[in-house]
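Encoded as structure tokens, the structure appears first; notes follow it.
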DNA sequence: ATTTTTGATTTGTGATCACACTTGCTTTGA
DNA sequence: TCAAAGCAAGTGTGATCACAAATCAAAAAT
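Chains as they are written, first to last, in this note's numbering: chain B, 556 to 799; chain Y, 556 to 799.
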């Protein structure tokens, strides 16, 4: 019996092939809706229908309704008493609530990451920042979607180093919930002449490089607070102007 | 037109009738599974099948699969690569991870609650503690399920006062995730001669009554740490005894 | 005796249908 | 003219079916 030989042959084959994966339709729908929500493609208060989404995504209703159910449980969407589902409205209380939760949890995650990141991982983050600068220098016209995607990778690359399988899904849920809000703010930022985002990110990286957990936490909170603060001011002025 | 009279008649009817509610089957399945998970009715590593649960709950597979999907997204259950779902296994890392997250988030929630609870709300909590003592004095035989339910009400009654619509669902998710672990510990507690739970709860209430946020946080952390610490020790000794 | 193969059963996934509820508009009645 | 009733289109929910993948047990081959 040439068992060992067969085993070896299988191994060499396995080394060259890349796993094909078996993502279900439901998973794709879910990812797509997540992407859309974090990207702010849906507006707050917009109601989503199962059949409408199913048509848009070219599937049946089944994967869509399950994906919607999942998004509702993580509060990324809201189930109205009518049984229809909408993306949650923005209120002042909710903004402050989200910012507080994000500061708390993402702050803890980055503080943990600061003590655990290897020099290799820090270098990787720094490299990411470098590429980002280049891209920004090349394009005069801002590409907000690309910008947002890079920002997301930057943050989660750091959070991944905190070593907590519990905190990271919670952070993802928080991003999902604040996605629609943030996007509104970002667009307004871009109009109002955006302050330099890169500065805040460099502060974060510097703190991480020094393994200074407290400084990293503070830099992060400063970073994520900006769009929230902007949005809060905008809402407040809108409220005083139009007190409906 | 006797519009006013009709209106009045409708109001008197409305006052006597209680809303019937329109809970879906899926919601009931979801609640039932939540209850079972927090109550520790399912063992870690146990795999759940859609058809099996549907039979047990006397429904079709449809509501069950959607409820399972929701529980998977909140990490209360785990989706294996085989596409089957099981209740997550207990590991040392996960225990410490859950305890850290719970201390962080529930600690923040109770600190917020400490500054916001009205005397009326505090009195309500104290009354709850009193009833609890009575019940415990009456029954010599311990009713673990009742005990766990009361404990849950006690904690969430406090958290509800933190005024954060974002933190509370996260805490629920954390309880859902630690439910199976905790229950294992509670059973062991009961055998090993449980230390007085009531003492810890009184410490919490005392801190809340003084509006001392920091003391409340510390008392809470002490309270939730106990079963985790117990479980951690148990697992560690089991690991050294049986190093498989 | 151990491993491999084969076949039957179980299981998750997606599609489709039936039904009840909601919603918006038209028609009817005062 | 205007409010109320009625109708039609749309929507979520649950059940059922078809299908592919996984699982397990018995049988066959080494």
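Idealized CB from N, CA, C, for every residue including glycine.
In this text, all values refer to a predicted model and were calculated from it rather than measured experimentally.
Local Cβ density within 10 Å of residue 611(B), reported as buried at 16 or more and exposed below that: If you number the first chain from 1, residue 611(B) lands on position 56. Label assigned to residue 611(B): exposed.
Going residue by residue through the stretch 664–710 of chain B, where are the continuous alpha helix (DSSP H) segments of at least 4 residues, counting only ones entirely within it? 674–693
Listed in chain order, which residues of the stretch 719–746 of chain Y have Cβ atoms closer than 9 angstroms to some Cβ of chain B? 719, 720, 721, 722, 724, 725, 728, 729 and 732
Stretch-stretch touch, CB-based, cutoff 8 angstroms, three pairs: the stretch 576–591 of chain B with the stretch 605–621 of chain B: yes
Per DSSP, which one or two residues make a beta bridge with residue 641(Y)? The residue given as residue 641(Y) occupies position 86 in the second chain. According to DSSP, residue 641(Y) bridges with 602(Y) and 633(Y).
How about residue 669(B) and residue 762(B): are their beta carbons less than 8 angstroms apart? Position 114 of the first chain, counting from 1, holds the residue named residue 669(B). Position 207 of the first chain, counting from 1, holds the residue named residue 762(B). Yes; because the gap between Cβ atoms is below 8 angstroms, this pair is in contact.
CB residue 580(Y) to CB residue 628(Y), shorter than 8 angstroms? Walking along the second chain from the start, residue 580(Y) turns up at place 25. Walking along the second chain from the start, residue 628(Y) turns up at place 73. No, these two residues do not count as a Cβ contact at 8 angstroms.
Three-pair Cβ contact test at 8 angstroms for the stretch 636–650 of chain Y versus the stretch 749–760 of chain Y: no
Report back the beta-carbon spacing between residue 701(Y) and residue 594(Y) to the nearest angstrom; my notes put them in contact at under 8 angstroms. As a first step, residue 701(Y) is located in the second chain; it is residue number 146 there, counting from the start. As a first step, residue 594(Y) is located in the second chain; it is residue number 39 there, counting from the start. About 11 angstroms; that fails the 8 angstroms criterion.
Closest Cβ-Cβ distance between residue 624(Y) and chain B: below 8 angstroms? Locating residue 624(Y) in the second chain gives position 69, where the first residue counts as 1. With 8 angstroms as the cut-off, residue 624(Y) counts as an interface residue toward chain B.
Does the Cβ of residue 725(Y) have 16 or more other Cβ atoms within 10 Å, making it buried, or fewer, making it exposed? Within the second chain, numbered from 1, the residue matching residue 725(Y) stands at position 170. With 16 or more Cβ atoms within 10 Å of its Cβ, residue 725(Y) is classed as buried.
Test: residue 790(Y) CB closer than 8 angstroms to a CB of chain B: To locate residue 790(Y), count along the second chain from 1; it is residue 235. Judged by the 8 angstroms Cβ criterion, residue 790(Y) is not in contact with chain B.
If you run the structure through DSSP and keep just helix, strand and coil, what is residue 764(B)? Looking up residue 764(B) in the first chain gives position 209. Residue 764(B) falls in the helix class under three-state DSSP.
Under 8 angstroms, CB to CB, which of the residues in the stretch 601–620 of chain B have a partner in chain Y? 620
Could you give the DSSP three-state label for residue 527(Y): helix, strand or coil? Because residue 527(Y) is not part of the residues shown, which for chain Y are 556 to 799, the question remains open.
With 8 angstroms as the threshold, decide whether the Cβ of residue 768(Y) is near any Cβ in chain B. If you number the second chain from 1, residue 768(Y) lands on position 213. With 8 angstroms as the cut-off, residue 768(Y) does not count as an interface residue toward chain B.
In angstroms with no decimal places, state the Cα-to-Cα distance between residue 779(B) and residue 621(B). As a working note, residue 779(B) is residue 224 in the first chain. As a working note, residue 621(B) is residue 66 in the first chain. Using only the alpha carbons, I get a separation of about 31 angstroms.
Once the 5 residues before and after residue 618(B) are set aside, which same chain residues still bring their CB inside 7 angstroms of it? Stepping through the first chain from its first residue, residue 618(B) is reached at position 63. If we look at residue 618(B) and ignore the five residues flanking it on each side, its Cβ neighbours are 580, 581 and 584.
Would residue 677(Y) and residue 771(Y) qualify as a contact pair, given that the criterion is a beta-carbon distance under 8 angstroms? As a position in the second chain, residue 677(Y) is number 122, starting the count at 1. As a position in the second chain, residue 771(Y) is number 216, starting the count at 1. It is not a contact, given that the beta carbons lie outside the stated cut-off.
So, with DSSP's three-state summary, where would you put residue 574(Y)? Stepping through the second chain from its first residue, residue 574(Y) is reached at position 19. Coil, per DSSP.
Pick helix, strand or coil for residue 719(Y), following the three-state DSSP scheme. As a position in the second chain, residue 719(Y) is number 164, starting the count at 1. Residue 719(Y): coil per DSSP, three-state reduction.
Taking 7 angstroms as the cut-off, does the CB of residue 669(Y) come closer than this to any heavy atom belonging to the ligand MG? Only the bare structure without any ligand can be found here, which leaves the ligand MG out of the picture.
Around the Cβ of residue 693(Y), are there at least 16 other Cβ atoms within 10 angstroms (buried) or fewer (exposed)? Walking along the second chain from the start, residue 693(Y) turns up at place 138. Result: exposed.
Quick one: which chain Y residues come within Cβ less than 8 angstroms of residue 578(B)? Locating residue 578(B) in the first chain gives position 23, where the first residue counts as 1. Result: empty, since nearest Cβ-Cβ is about 11 angstroms, beyond 8 angstroms.
Are the C-beta of residue 628(Y) and some C-beta of chain B separated by less than 8 angstroms? In the second chain, counting from the first residue as 1, residue 628(Y) sits at position 73. Closer than 8 angstroms: yes.
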